[in-house]
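Novice: Take the sequence shown: its letters are residues 1 to 266, numbered as in UniProt numbering. Each residue gets a CB set at the ideal place from its N, CA and C atoms; glycine is no exception. Submitted below is the structure of interest, expressed as structure tokens.
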Amino acid sequence: MTEHDSPDDGVSQQRTADGPVRVDGGETGIVPPDDETPTWSERKERRQGLARTTYEYFERSRREDQDLREESDYVERDVLGFPTWPHEVVRNLALTSFFVGMLLFLAAALPPHIDAPANSGVTPPTILPDWYLYWSFGLLKLGPLNPDLALLGGQKLMADRTFGVLANLVVVGAIAVVPFINKGSARRPVEQPFWAAVGVFGVILSVTLAALSIKNLLPLDSHLLFDLTFLLPFVGATITYAALKSMREGYMFELNRRYYRLRPPK
Numbered sequence: 001m002t003e004h005d006s007p008d009d010g011v012s013q014q015r016t017a018d019g020p021v022r023v024d025g026g027e028t029g030i031v032p033p034d035d036e037t038p039t040w041s042e043r044k045e046r047r048q049g050l051a052r053t054t055y056e057y058f059e060r061s062r063r064e065d066q067d068l069r070e071e072s073d074y075v076e077r078d079v080l081g082f083p084t085w086p087h088e089v090v091r092n093l094a095l096t097s098f099f100v101g102m103l104l105f106l107a108a109a110l111p112p113h114i115d116a117p118a119n120s121g122v123t124p125p126t127i128l129p130d131w132y133l134y135w136s137f138g139l140l141k142l143g144p145l146n147p148d149l150a151l152l153g154g155q156k157l158m159a160d161r162t163f164g165v166l167a168n169l170v171v172v173g174a175i176a177v178v179p180f181i182n183k184g185s186a187r188r189p190v191e192q193p194f195w196a197a198v199g200v201f202g203v204i205l206s207v208t209l210a211a212l213s214i215k216n217l218l219p220l221d222s223h224l225l226f227d228l229t230f231l232l233p234f235v236g237a238t239i240t241y242a243a244l245k246s247m248r249e250g251y252m253f254e255l256n257r258r259y260y261r262l263r264p265p266k
């Protein structure tokens, strides 16, 4: 097998003893040049199926991206965009079809177990919300943090359940305020170690609060679990901040070195 370029348009072709071979990007390939691109109605009349059409659009995007980069005088990667139809629509349709197919497969292969009907006259031994709300349920169990006031004769200012509801409002309010404080200019955690540590603190706190919500199901002392609920987030955030802080200087040096190597000063 030999390989050579066509003399006129620079299209790479491969020839064998039987004749030219169809290759992607070539004149006889899957994706034709711009002046030979079929319209949507012509593609539809081919009746080649969604898989074939999806592949053609992916190859079309790749070829357009390659042509734009070859014509560009920019040193680093250009930020390119493609139209919503058909590129983005076909791509999203392919991804959506894949995940819907996986869900249908799992639903058919692993059907959920259906328990007996609920009895409204019997209280279940364990009452828990859905798993993604365990952290909120754990905030309702912060009774030990509700202070006793001597002015009230050792009585609490509010009930424990009210204290837990206010704790939920504080946590949700903090999550809502963070995007307004930090605009998210960093592209990697190492560029802003403090906010990366804040994120790690929140993730670990949500896990420990979820464990606190099911403390009656864990083989741990309740007092130890309550202490670990607020100790582990601080430990994880501190380690994250220290590690990223130590890496930041070397990372920024390498970033600046690459920047000036790709864009030398005029």
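Reducing DSSP to helix, strand and coil, say where Asp-148 ends up.
Specialist: Of the three classes helix, strand and coil, the one that applies to Asp-148 here is strand, per DSSP.
Novice: Short check: CB of Met-247 to CB of Val-190, under 8 Å?
Specialist: Cβ distance < 8 Å, so Met-247 and Val-190 count as in contact.
Novice: Can you name the start and end residues of the alpha helix (DSSP H) that Val-170 belongs to?
Specialist: Segment 160-181, the alpha helix (DSSP H) holding Val-170.
Novice: Given this structure, state the Cα-to-Cα distance separating Leu-128 from Ala-167, to the nearest angstrom.
Specialist: Those two C-alpha atoms are separated by around 18 Å.
Novice: Checking 8 Å against the spacing of the C-beta atoms, do Leu-244 and Pro-179 come in under that value?
Specialist: Against a cut-off of 8 Å, the Cβ pair of Pro-179 and Leu-244 comes out as no contact.
Novice: Tell me which residue opens and which closes the alpha helix (DSSP H) that Ser-213 is part of.
Specialist: Note, Ser-213: alpha helix (DSSP H), 193-213.
Novice: Is the beta carbon of Thr-240 closer than 8 Å to that of Ala-197?
Specialist: Yes, these two residues count as a Cβ contact at 8 Å.
Novice: Under 8 Å, with one C-beta from each stretch per pair, do the region 134-143 and the region 209-227 reach the 3-pair mark?
Specialist: Short answer: they touch.
Novice: State the Cα-Cα distance for the pair Asn-119 and Glu-88, rounded to the nearest angstrom.
Specialist: About 50 Å.
Novice: Can Thr-208 and Leu-224 be called in contact, C-beta distance under 8 Å?
Specialist: Going by C-beta atoms, Thr-208 is not nearer than 8 Å to Leu-224.
Novice: Using alpha carbons as the reference points, say which of Val-170, Ala-174 and Pro-144 lies closest to Asp-160.
Specialist: Residue Pro-144 is the option with its Cα nearest to Asp-160.
Novice: Rounded to whole angstroms, what's the CA-CA distance from Trp-195 to Gly-236? Just pull it up for me.
Specialist: Each residue's Cα considered, the two are about 13 Å apart.
Novice: Would you grab the beta carbon distance between Leu-142 and Gly-164 for me? Rounded to a whole angstrom, and I think it's under 8 Å.
Specialist: That belief holds up - the Cβ atoms of Leu-142 and Gly-164 are roughly 6 Å apart, short of 8 Å.
Novice: Quick one: what's got a C-beta closer than 6 Å to Asp-115's C-beta in the same chain, skipping five residues either side?
Specialist: Taken in chain order, the list of residues that qualify is empty.
Novice: Within the same chain, show all residues whose beta-carbon is closer than 6 Å to that of His-4, passing over the 5 residues directly before and after it, in chain order.
Specialist: Low per-residue confidence applies at His-4: pLDDT is 46, beneath 50, and the placement is therefore not dependable, though the value from the model is reported in the following sentence. Cβ neighbours of His-4 beyond the five flanking positions: none.
Novice: Assign Val-200 to one of two classes, buried (16 or more other C-beta atoms within 10 Å of its C-beta) or exposed (fewer than that).
Specialist: Result: buried.
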